[in-house]
Each structure stands twice: as C-alpha cells, then as structure tokens.
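S.K.: Residue numbers (my numbering): 932 to 1069. Built from N, CA and C at the ideal position, the CB exists for glycine as well. This is the structure I want to talk about, given as structure tokens.
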Amino acid sequence: SHIVVFNRRRVGEVSLMEIDSFKDRVTAQEPQGEIEKLLSQSEANMFSELDIVYLRGKKGAKVDCLLTPNMTKCMLYLVENREANGVLKDNIYMFCLPYSKHCMRGSDAIKEMADSCGAKIPSQLTSTKLRKHISTVS
C-alpha cells in the first residue's frame, strides 16, 4: 500500500508487478550526460535516490513506479524469502500468495491499512478515493 500511495498508481498495477520487472528495475544512480542537463535539482536528487520499476498500466501502457531505498530493501527481503514462505517457483508476481499462482489483491492491503490506522471512517480510505483526493489537491 505504501507503493500505491507514494506513486499514486492504481492498486491493480502494483498488485500485478512481476518479479522479473522488479529484478530488472533501474537502480538509483547519479544522472549523467544529456539526462543531467534536462533535470531540475530536485529531479536529479530523486534520480540518485530512487529505483524505477516499469509496470504494465491501463490498456497495457508502460508506467513507471518509483521505489524508495526502504521499499527496495523490503522487496529484496520478499524475493530472498519466497521459497521459505511457500511461494510456488512458477508464481511470476512480486506480491504473491503462498501455495498459489495468483497475486495478492492490493485493495485488500489498502483496506487492512485503513482499518489499522485508527481512521474514524476506514471505509472512506480506498484506492479510488485516494487517487481522486490527490488529483484534486495537486
């Protein structure tokens, strides 16, 4: 759910992230050459701190997903411990269910976070409403 909120992505896009997409991520690096000239200072700072994973978005479009160092660390832990937690070898998803070929539902993760955060009306904290709120505020 942190990835969804941080990136303002659809829950389904993040849920369907494939393990190979994560392994093929663009790791944080100092911008060089032409890229360095095109970036503002804040963009250059982000470029040097965040990893980028490319996901399949709506209608198959390629969309980027930024990962903080902490997100990357947690995801690497998930990758390293897949087999020990009952993940099938042929499960292609990063956020997978044990003993299944399916992925976790991101909406369930958002609901769980909403219930545990102490919100007065947790049913109002949904992915769709979050995206609408962010687009209004931005």
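Rounded to whole angstroms, how far is the Cβ of I934 from the Cβ of R956, which I believe are closer than 8 angstroms?
M.R.: Contact doesn't hold; Cβ gap of about 12 angstroms is too wide.
S.K.: Kindly provide the ranges of any beta strand (DSSP E) runs that are 3 or more residues long and lie completely inside the stretch 967-1047, ordered along the chain.
M.R.: Those beta strand (DSSP E) runs which fall completely within the stretch 967-1047 and span 3+ residues are 982-987, 993-998.
S.K.: Look at the alpha carbon of R1036 and the alpha carbon of D1046, and state the distance between them as a whole number of angstroms.
M.R.: Rounded to the nearest angstrom, the two C-alpha atoms are 16 angstroms apart.
S.K.: Using CA coordinates, which residue listed in Q972, L947, S1054 is at the minimum distance from M996?
M.R.: Residue identity check: residue 996 is Cys in the sequence provided, not Met. That would be L947, whose Cα lies nearest to the Cα of C996.
S.K.: Given this structure, state the Cα-to-Cα distance separating S1054 from G964, to the nearest angstrom.
M.R.: Spanning the two alpha carbons is a distance of roughly 48 angstroms.
S.K.: Exposed or buried, L998, counting other C-beta atoms within 10 Å across all chains shown (16 or more means buried)?
M.R.: With 16 or more other Cβ atoms within 10 Å, it is buried.
S.K.: So what does E949 bridge to, in DSSP terms?
M.R.: BP columns for E949 point to Y1024.
S.K.: Taking only the alpha-carbon atoms, compute the straight-line gap between A992 and E1014 and give it to the nearest angstrom.
M.R.: Roughly 31 angstroms separates the two Cα atoms.
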